[in-house]
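Below you'll find the structure, written out as structure tokens, and then a few comments.
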Amino acid sequence: MLGDRVESSPAVSLDGSFVYVGCYDHHLYCLRVEDGRVAWRYRTGGEVKSSPVVDQETGWVVFGSHDKHLHCLCEDGEAKWVLQVSSGSIFSSPCIGGGLVIAATLDGVVCGVDKVSGHVRWRVALGKPVFSSPVIYSKGIVFGTVEGLVLSYSLNGTPLWEFKTGGSIFSSPFALKLSDTLEVISIGSHDGCVYFFTHQGELMAKYCNSSPVYATPFLYLGEDVYTFGAVVCETLGRCSTLRVRVGGKENEDTTQRADVEVMWEHEFSGELFASPVYHGNRLWVGCRDDFLYCFDAVLR
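Be aware that the sequence shown starts at 1, since it is given in the UniProt record's numbering, and climbs by one per residue.
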């Protein structure tokens, strides 16, 4: 048992021996996978709601805290560096790529930090909270804002593209590479829609529901390079799997470059805020009826 409530998602060490998770008691915990015992814990100055991320080159653990700092730890729990990004707390999870840690704050600052030195390379002030976790894709980073914008920047901090949805965005994006020439980015909005973009920021399609989408959509490869699937969870309790066909011939709307087909739906007895995960022909969905559901599913 940890010291308080846990909202952070866990991350696994490079060798698979440890799990890192943040806690409301101001600590990041390192737990042994084999027996669940605490290997070490690291104290910050505020609740740790940000999900940690493990650098795939060094094994360092990076996360944000409500103490308004970004923390980078070595595998033994010692601080590599600690940085106050802005005057806002950090709720979303950082991402790592191109030698940078990308982080977003609740006072609307997004920045690129040198992962070795902890020095800020660039900073963008948006002026509104960012709950969405930035994701790295082939062109740079992408994330959503409470103003309903999907924003993309290069790893140098240069604006690339933006798209305005009809509601606030708390969902994080999901990026999936279909081929050498096409990458898909999906994100949910509180306007009740899930949006699908190309890596160039062009809207491919959108799928609209009857309730807001807080959870991050889960994307997976389809039967060929022109097809992919998506698992979408609405807050009011519906989970759907979608088949998206790129460049559908029946689609005459030039702004909609893909066809979306609903393949499966399930109505839960509680709200859905957790993001779904598909692995090993099983679909996992957490629900606010206090249950974790597992479905046998072969998604193609």
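Idealized CB from N, CA, C, for every residue including glycine.
**Secondary structure of Trp60, DSSP reduced to three states** = What you label residue 60 is simply residue 60 of the sequence shown in a count that begins at 1. DSSP places Trp60 in coil when its eight states are reduced to three.
**Asked** So, are the CB atoms of Gly22 and Cys72 less than 8 Å apart?
**Response** Residue mapping note: residue 22 aligns to position 22 of the sequence shown, counting from 1. Residue mapping note: residue 72 aligns to position 72 of the sequence shown, counting from 1. It is not a contact, given that the beta carbons lie outside the stated cut-off.
**Prompt:** Ends of the beta strand (DSSP E) at Thr227?
**Reply:** In the sequence shown, the residue the question calls residue 227 occupies position 227. Looking at the DSSP string, the run of the beta strand (DSSP E) that includes Thr227 is Thr227 to Cys233.
**CA nearest to the CA of Phe163, picked from Ile185, Pro217 and Phe268** = To locate residue 163, count along the sequence shown from 1; it is residue 163. Phe163 has its Cα closest to that of Ile185, out of Ile185, Pro217 and Phe268.
**Item:** For Gly286, the nearest candidate out of Val232, Lys68, Gly45 and Gly148 (CA to CA)
**Value:** If you number the sequence shown from 1, residue 286 lands on position 286. Ranking the options by Cα distance to Gly286, first place goes to Val232.
**Request:** Return the chain-ordered list of same chain residues with a C-beta closer than 6 Å to the C-beta of Gly167, the five sequence neighbours on each side being excluded.
**Result:** Here residue 167 is taken as the residue at index 167 of the sequence shown, counted from 1. Cβ neighbours of Gly167 beyond the five flanking positions: Gly148, Ser189, His190 and Asp191.
**Prompt:** From which residue to which residue does the beta strand (DSSP E) around Gln84 run?
**Reply:** Taking the first residue of the sequence shown as position 1, residue 84 is located at position 84. Here the beta strand (DSSP E) through Gln84 covers Ala79 to Gln84.
**Endpoints, beta strand (DSSP E) assigned at Met1** = Here the question's residue 1 lines up with position 1 in the sequence shown. Note, Met1: premise wrong, no beta strand (DSSP E); not H, not E.
**Asked** Within the chosen definition, does the segment 168-177 reach the segment 121-140 through at least 3 CB pairs nearer than 8 Å?
**Response** yes
**Item:** C-alpha distance - Lys68 paired with Glu47, whole-angstrom precision
**Value:** Mapped onto the sequence shown, residue 68 falls at position 68. Mapped onto the sequence shown, residue 47 falls at position 47. Distance between the alpha carbons of Lys68 and Glu47: 10 Å.
**Request:** May I ask you to list the residues that DSSP assigns as paired with Leu203?
**Result:** Walking along the sequence shown from the start, residue 203 turns up at place 203. Looking at the DSSP assignment, Leu203 forms a beta bridge with Phe197.
**Request:** Can you give me the Cβ contacts of Asp4 inside the same chain, cut-off strictly under 6 Å, excluding the 5 residues immediately before and after it?
**Result:** As a first step, residue 4 must be located in the sequence shown, where it is residue number 4. Taken in chain order, the residues that qualify are Cys23, Tyr24 and Asp25.
**Item:** Spatially closest choice to Glu223 from Arg37, Gly88, Ser179 and Ser8, by CA coordinates
**Value:** Within the sequence shown, residue 223 is the residue found at index 223, counting from 1. For Glu223, the nearest C-alpha among the options comes from Ser179.
**Whole-angstrom C-beta distance between Arg123 and Val109, which should lie under 8 Å** = In the sequence shown, counting from the first residue as 1, residue 109 sits at position 109. In the sequence shown, counting from the first residue as 1, residue 123 sits at position 123. Indeed they touch by this definition, with Cβ atoms about 6 Å apart.
**Asked** Who are the near neighbours of Tyr220 in its chain, counting only those whose CB is closer than 7 Å to its CB and skipping five residues on each side?
**Response** In the sequence shown, residue 220 corresponds to position 220, counting from 1. So the qualifying residues of the chain are Phe228, Gly229, Tyr278 and Leu299.
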